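Enquirer: Respectively, the protein sequence lines represent chains A and B. Taking the numbering used here, the leading residue of the first sequence gets 905, the next gets one more, and so forth. Taking the numbering used here, the leading residue of the second sequence gets 4, the next gets one more, and so forth. Please read through the structure below; I'll follow up with questions.
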Amino acid sequence: MNDSLYFTLGMVVGFLFVFVVALIISKRRKKQGKTTEYDERQKAIQGKAYKVGFFVMMFSLIANGILCMDMKPWASVFDMTFTGIALGIFAFAGYAIWNDAYVALDGKLSRYTWLFGIIGVLNIAVYVINHIVYESDDGLITNVIAGGLFLALSFVAVVKLIYDKVQTKKELDE
Amino acid sequence: MKNLRLKSARGAMDISQSKLAELVGVSRQTINAIEKGDYNPTINLCIAICKVLNKTLDELFWEG
């Protein structure tokens, strides 16, 4: 087995591990009665958000394919696919956040603002450390795109919070 | 179309959007969307709101 196969296997095992852990936590929470609840309007909007995310991801993957037909690929296959997935996730989450369908009934959008911001900064920091300390371009696409995605979602959440405050003030003044 | 009857029924009982949302089991934004006319609630939600505000479906939701 060569090195790249070990790398691929490591990634697959990593993804599977995260998936299994998430499944176990989800089942435990259901047993304890701690389910995440969304109301009917939120569920309807999430359905639309999934559609939006799906089409954005599909079109970005098609665009990548068309670009690669005439030009040299701008990144590895994995990185190009990851970019498409990230754009799809941004479209889904951004649409859901803007239409008040991302946060569950007992949740607060402000918490997600901080969480997304921290995750975004950490991802960018990982790339910067790799680049400066280890002089490696590992994570140029994946960490930067992931960091950009979370920072963009944090920005959408902040704008939404400000917009809601302004709208509430307007309605109270009426 | 704005649902002003819902807004005034809520105001008559001196209940905020958040309180009504909590009593009915939805988010405050959903109550806001219903009052602004941006969302048409299902019949179950309409009934739940009527029960809390002590009104009939006709009084709150019928466009007559």
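Backbone N, C-alpha and C fix where the C-beta goes; we use that ideal spot for every residue, glycine too. The model shown is predicted, which means the values in this text are computed figures rather than measured ones.
Under the assumption that L1013 (chain A) contacts G988 (chain A) (Cβ atoms under 8 Å), give the Cβ distance between them as a whole number of angstroms.
Expert: Position 109 of the first sequence, counted from the first residue, corresponds to residue 1013 (chain A). Position 84 of the first sequence, counted from the first residue, corresponds to residue 988 (chain A). Actually they do not touch by this definition, with Cβ atoms about 27 Å apart.
Enquirer: Any heavy atom of the ligand SAH within a distance shorter than 7 Å of the CB on L48 (chain B)?
Expert: Of ligands this structure carries none, so the ligand SAH is not represented either.
Enquirer: Check whether the segment 936–946 of chain A touches the segment 23–35 of chain B, taking contact to mean three or more Cβ pairs, one atom from each stretch, closer than 8 Å.
Expert: Output reads yes: the segment 23–35 of chain B touches the segment 936–946 of chain A.
Enquirer: If we ignore side chains and look at the alpha-carbon of each, how far apart do Y1006 (chain A) and Y999 (chain A) end up?
Expert: Walking along the first sequence from the start, residue 1006 (chain A) turns up at place 102. Walking along the first sequence from the start, residue 999 (chain A) turns up at place 95. For Y1006 (chain A) and Y999 (chain A), the distance between alpha carbons rounds to 9 Å.
Enquirer: Taking only beta carbons into account, state which residues of the segment 922–938 of chain A come closer than 9 Å to chain B, listed in chain order.
Expert: Under the 9 Å Cβ criterion, the segment 922–938 of chain A contributes no residue.
Enquirer: When the cut-off is 8 Å and only beta carbons count, does A36 (chain B) lie next to chain A?
Expert: If you number the second sequence from 1, residue 36 (chain B) lands on position 33. Chain A contact via Cβ: present.
Enquirer: For D943 (chain A), would you say it is in contact with chain B, using Cβ-to-Cβ distances shorter than 8 Å as the test?
Expert: For the purposes of this step, residue 943 (chain A) is identified with residue 39 of the first sequence, where counting begins at 1. So, interface residue.
Enquirer: Taking S30 (chain B) as the query, report the chain A residues whose CB atoms sit under 7 Å from its CB, ordered along the chain.
Expert: Within the second sequence, the letter at position 27 stands for residue 30 (chain B). Ordered by position in chain A, the residues that pass the 7 Å Cβ test against S30 (chain B) are D943, Q946, D1004 and L1009.
Enquirer: What is the DSSP secondary structure of Q936 (chain A), reduced to helix, strand or coil?
Expert: Working through the first sequence from its first residue, we reach residue 936 (chain A) at position 32. Three-state DSSP puts Q936 (chain A) in coil, outside helix and strand.
Enquirer: According to DSSP, is F919 (chain A) helix, strand or coil?
Expert: In the first sequence, residue 919 (chain A) corresponds to position 15, counting from 1. Helix, per DSSP.
Enquirer: Helix, strand or coil for K1064 (chain A) per DSSP?
Expert: Counting from 1 along the first sequence, the entry for residue 1064 (chain A) is found at position 160. Residue state, collapsed to three classes: helix.
Enquirer: How close, in whole Å, do the beta carbons of I1049 (chain A) and F986 (chain A) come, if the pair is a contact with beta carbons under 8 Å?
Expert: By one-based count along the first sequence, residue 1049 (chain A) stands at place 145. By one-based count along the first sequence, residue 986 (chain A) stands at place 82. With a Cβ gap of about 6 Å, I1049 (chain A) and F986 (chain A) count as contacting.
Enquirer: Answer with buried or exposed for R19 (chain B), where buried requires no fewer than 16 other C-beta atoms within 10 angstroms of its C-beta.
Expert: Within the second sequence, numbered from 1, the residue matching residue 19 (chain B) stands at position 16. It is Ser, not Arg, that sits at residue 19 (chain B) in the sequence shown. Looking at its Cβ environment, which holds fewer than 16 other Cβ atoms inside 10 Å, S19 (chain B) is exposed.
Enquirer: Identify whether L1044 (chain A) lies in helix, strand or coil by the three-state DSSP scheme.
Expert: Looking up residue 1044 (chain A) in the first sequence gives position 140. Note: L1044 (chain A) maps to coil in three-state DSSP.
Enquirer: Got a sec: is the Cβ-Cβ distance from L26 (chain B) to anything in chain A below 8 Å?
Expert: In the second sequence, residue 26 (chain B) corresponds to position 23, counting from 1. No, its Cβ sits nowhere closer than 8 Å to a Cβ of chain A.
Enquirer: Is it true that the CB of C49 (chain B) sits closer than 8 Å to the CB of L56 (chain B)?
Expert: Locating residue 56 (chain B) in the second sequence gives position 53, where the first residue counts as 1. Locating residue 49 (chain B) in the second sequence gives position 46, where the first residue counts as 1. Against a cut-off of 8 Å, the Cβ pair of C49 (chain B) and L56 (chain B) comes out as no contact.
Enquirer: Can you give the beta carbon distance from L1055 (chain A) to I1001 (chain A), rounded, assuming they're within the 8 Å contact cut?
Expert: Against the first sequence, residue 1055 (chain A) aligns to sequence position 151. Against the first sequence, residue 1001 (chain A) aligns to sequence position 97. No, L1055 (chain A) and I1001 (chain A) are not in contact; Cβ-Cβ is about 14 Å, not under 8 Å.
Enquirer: Go to I1036 (chain A), then tell me how far its alpha helix (DSSP H) extends in each direction, as first and last residue.
Expert: Your numbering for residue 1036 (chain A) matches position 132 in the first sequence. It spans L1013 to I1036 - the alpha helix (DSSP H) in which I1036 (chain A) sits, taken as one unbroken run.
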